[in-house]
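**Q** I'd like to ask some things about the structure below.
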């Protein structure tokens, strides 16, 4: 066997909602080796979605091992990997034991909707008792505003504090561990870093700032855990919380496996990772990732823009422990690619996800059909956990082709709804939108997005933006090949393969007519599940 070459590479562990990947990039963001594994999904009740944290970790270990094998099969030494980053599904909540390092129950996934009761409870608490701050107790609308100012977030089933509260109230092991100071809480990157960096033996319990900003526990201005928020949610003890680190710094070395001794230098939530991977590092640049859900982030630079139109204010990234954070406005759409999966796996209308484009292209429009894909309520900018999925406008003329097209249009309409809110909040117009994720592979999807939105859609040829973002942050931490996130010009040779652009072709009158129909359909879907789920 010939001697293996030594290169200069960066690795990214990308742990999504349904699968894990480990990708090895060179200095130009070309992929040198990769491996992907799907892990099991658990749906024990309607609206519930769980993961086994141990299975996630095992899939990550296997991906790293297999990708390293492929790297060597390509003639490169695994020692070529200088540093790795992690990017992860956000808000998914993991709890484990400080003593054993083992999960105390299944993780609750970001799109799980079981916590409606908890949301109602805290809404009532804000209304009747308020939240105690240094400036005094804030109740009612003042309390809602104070919570938004502190966290950038609304009360929603989406965020980690609410999920943790449900675990505490429904799993005796979690409650006992909290009371005995044995509870460790974190989002997925926290769990992965804990294990990769040595587990119980090392006890490295950290979380990265963009993920911490999605918990409802962190003050987005100080980037520190807020005692007022912990008290509000009934967790006064801080011992369960990880230490918050920046998106780009070496936090330790891998403790085992083929990458033993390689530094872990970048951590970032997946949507912020895609923002960095698309090099949307300046104020006014935006991207949307279409995966299981869809997530549109609009960079606001060092300014926190407080949304008055249903969006989230969130940390975009922090380029090092001493760097000022960059912020973003975000609109989150719960259902994107998962609606296509529903057509395939539940309705049997298509045999593969790609086929939705073929089916949709057979008709010029939806024939008046709208599909509000609110399978687990509506997120931004509507924030209605009681909304449900709705197919409306069906006639005897309707075919699977119309429904397929309406499924694609649902993503485009929800994207436009978010962008309309962003325009109002940021007082700026969006000239173009960078896109990535599985759904962007289809030209029909992108053409519909441009037509419905009325803006130019830019699709990069290299669309592993989420993984690339964590690789760039990790590389920047060690100044790999001169990379420096604070100086975008140092990334000039990264991801330069080119773009495909889609211009809107639909007449303005048609665009506005269809937009009016969508808004009408959303109003019909809202509030269908009134009251509170008695399982919560």
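Numbering (the numbering used here), first residue to last: 547 to 1082. Note that beta-carbon positions come from the ideal geometry of N, C-alpha and C, so glycine has one too.
1) In this structure, how does DSSP classify residue 704 when only helix, strand and coil are distinguished?
2) Since residue 756 and residue 861 should fall inside the 8 Å C-beta cutoff, what is the C-beta to C-beta distance between them, to a whole number of angstroms?
3) How big is the Cα-Cα spacing for residue 635 and residue 583?
4) Grab me the residues of residue 647's own chain with a C-beta within less than 6 Å of its C-beta, minus the 5 sequence neighbours each way, in chain order.
5) Count the other CB atoms within 10 Å of the CB of residue 548; is the residue buried (16 or more) or exposed (fewer)?
6) Quick one: what does DSSP say residue 886 is sitting in, helix, strand or coil?
7) Measure how close the beta-carbons of residue 593 and residue 692 come, nearest whole angstrom, since I'm counting them as under 8 Å.
8) What are the start and end residues of each continuous beta strand (DSSP E) run of 3 or more residues lying completely inside the region 963-1020, in chain order?
9) Going by DSSP, name the residue or residues bridged to residue 527.
10) Taking the alpha carbon of residue 950 as the point to measure from, which residue in 1007, 938, 558, 903 has its own alpha carbon closest?
11) When the Cβ atoms of the region 883-898 are set against those of the region 843-855, are three or more pairs found closer than 8 Å?
12) Do residue 1024 and residue 805 have their C-beta atoms closer together than 9 Å?
13) Report yes or no: do three or more beta-carbon pairs, one from the region 991-1011 and one from the region 788-797, lie closer than 8 Å?
14) Less than 9 Å between the C-beta atoms of residue 1016 and residue 822, yes or no?
15) When you compare each of 843, 605, 563, 963 to residue 587 by their alpha carbons, which one comes out closest?
16) Less than 9 Å between the beta carbons of residue 900 and residue 887, yes or no?
17) For residue 1045, which of 1062, 1057, 1006 has the nearest alpha-carbon?
18) I'd like the span of the alpha helix (DSSP H) that includes residue 1070, first residue to last.
19) I need the straight-line Cα distance from residue 957 to residue 682, nearest angstrom please.
20) Counting beta carbon pairs with one atom in the region 814-828 and one in the region 908-920, are three or more of them shorter than 8 Å?
21) Can you tell me which of 560, 961, 556, 566 puts its alpha carbon nearest to the alpha carbon of residue 578?
**A** Let me lay it out:
1) Taken through DSSP and simplified to helix, strand or coil, residue 704 comes out as coil.
2) 5 Å
3) One C-alpha to the other measures close to 15 Å.
4) 745, 746
5) exposed
6) helix
7) So it is not a contact: roughly 29 Å between Cβ atoms.
8) 978-982, 1002-1006
9) No answer is possible for residue 527: it lies beyond the span of the chain, which begins at 547 and ends at 1082.
10) 903
11) no
12) No, the Cβ-Cβ distance between residue 1024 and residue 805 is not below 9 Å.
13) In short, these stretches do not touch, since the Cβ pair count stays below three.
14) yes
15) Restricting attention to 843, 605, 563, 963, the CA atom closest to the CA of residue 587 is found in 563.
16) Taking 9 Å as the cut-off, the Cβ atoms of residue 900 and residue 887 do not count as close.
17) 1006
18) 1054-1071
19) 42 Å
20) no
21) Proximity to residue 578 across 560, 961, 556, 566 peaks at 556, based on C-alpha coordinates.
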